[in-house]
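Taking it in order: structure first as C-alpha cells, then the write-up.
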Amino acid sequence: EAQVTQNPRYLITVTGKKLTVTCSQNMNHEYMSWYRQDPGLGLRQIYYSMNVEVTDKGDVPEGYKVSRKEKRNFPLILESPSPNQTSLYFCASSLVPQAATNEKLFFGSGTQLSVL
Amino acid sequence: AQKITQTQPGMFVQEKEAVTLDCTYDTSDPSYGLFWYKQPSSGEMIFLIYQGSYDQQNATEGRYSLNFQKARKSANLVISASQLGDSAMYFCAMRDLNTGFQKLVFGTGTRLLVSP
C-alpha cells in the first residue's frame, strides 16, 4: 500500500530534550516536506526536500533540522524543543511539483507533539 | 501576505443538503494550482479535488465540485448531498510560480458539521 509513515503518533517531551520524528514513504517520491498545523493558522511549511541531499527552508524553519540521506526517509529533528513547538506535525511527499500540475501531496497521519 | 483566505471558521449543514465552502486566493502568477483537503477528527489529510489555473472546466470528483471563478480569484468547494461522514475540517491550498511550485500554501480551514 502506498503510504507516508510517521512515527510517533503522539509525543510528550520536556523543554530542551532532543527528539526526532521519523518519516518514510514507499512511493519513490523525490519531493518531501514537513508542515506544522496550529489552530487558526492552517498548515505552514517547515522544510522541504527536492531530492536526496537537497533540502531547503520553508516558512517556519527556526528550531528545526532535517536531513535527506535516503530517498524514502526525511526525519524532522528538534535539537532543543520549546513549548512554542507544541503542534501537530505532518510529513508529506509527492513527485516533484512542476508548474501548476496536479501533483498532490500525500500526507502522513500526523504527529501530535507536546513540549512541557 | 496571506495567499489563501477561508472566511468561514465553521459551517453547519443538514444531511442530504448541499454546502459551499469558500476560498479566495491571491496571486499575480498566471500559472497556479488549487487544492482542497479534508481532515476528519482522526487527523489525517485527505486530498479531495484539484483545479489548475488553465483548466477550462470546473473540476468535479464524485460529490465534490469546485466553483472556480478566476476573475474573482475564488475556488469554492461544493459538497452535494452531504453525509454525516463529511463532518471534518476542510483546507484550501494553492501552489504557484512565486513559490517555485515547491510548497502548498494553506488557508486556515473551515470546520463543517453535518447534522442528521
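Protein chains in written order, with this note's numbering: chain A, 1 to 116; chain B, 1 to 116.
C-beta: ideal position from N, C-alpha, C; glycine also.
Using a C-beta cut-off of 8 Å, the segment 93–105 of chain B makes no contact with the segment 56–74 of chain B, since fewer than three inter-stretch Cβ pairs fall below that distance. Taking a Cβ-Cβ cut-off of 7 Å, the neighbours of residue 109 of chain A in chain B comprise 43 and 44, given in sequence order. Distances from the alpha-carbon of residue 113 of chain A to those of A:54, A:8 and A:30 put A:8 closest. Interface annotation, residue 108 of chain B: in contact with chain A, CB-CB separation under 9 Å. For residue 104 of chain B, the closest Cβ of chain A is nearer than 9 Å. Around residue 87 of chain A, the same chain offers 36, 37, 38 and 113 as residues with beta carbons nearer than 7 Å, after the five sequence neighbours per side are excluded. DSSP places residue 88 of chain B in the uninterrupted beta strand (DSSP E) bounded by 88–96.
In this structure, the alpha-carbon of residue 22 of chain B lies about 15 Å from that of residue 58 of chain B. Think of a sphere of 9 Å around the beta carbon of residue 111 of chain B: no beta carbon from chain A falls inside it, the nearest being about 11 Å out. In the DSSP annotation of this structure, the continuous segment of the beta strand (DSSP E) that includes residue 32 of chain B starts and ends at 32–39. What residue 12 of chain B touches in chain A, judged by beta-carbon distance under 8 Å, is nothing: the nearest beta carbon there is about 19 Å away.
Along the segment 35–68 of chain A, the positions whose C-beta sits under 9 Å from a C-beta of chain B are 35, 37, 39, 40, 41, 42, 43, 44, 45, 48, 50, 56, 58 and 59, read in chain order. Judged by pairs of C-beta atoms under 8 Å, the segment 39–46 of chain A does not touch the segment 16–32 of chain B, as fewer than three such pairs exist.
Nearest to residue 52 of chain B by alpha-carbon distance, out of B:60, B:45 and B:46, is B:60. Note on geometry: alpha-carbon atoms of residue 92 of chain A and residue 23 of chain A lie some 9 Å from one another.
Proximity to residue 116 of chain A across A:90, A:59, A:77 and A:14 peaks at A:14, based on C-alpha coordinates. Residue 95 of chain A carries a coil assignment under DSSP once its states are collapsed to helix, strand and coil. Under a 10 Å Cβ-count criterion, residue 108 of chain B is classified as buried, with 16 or more other Cβ atoms of the shown protein chains found around its own Cβ.
Straight-line measurement puts the Cα of residue 45 of chain B at about 13 Å from the Cα of residue 86 of chain B.
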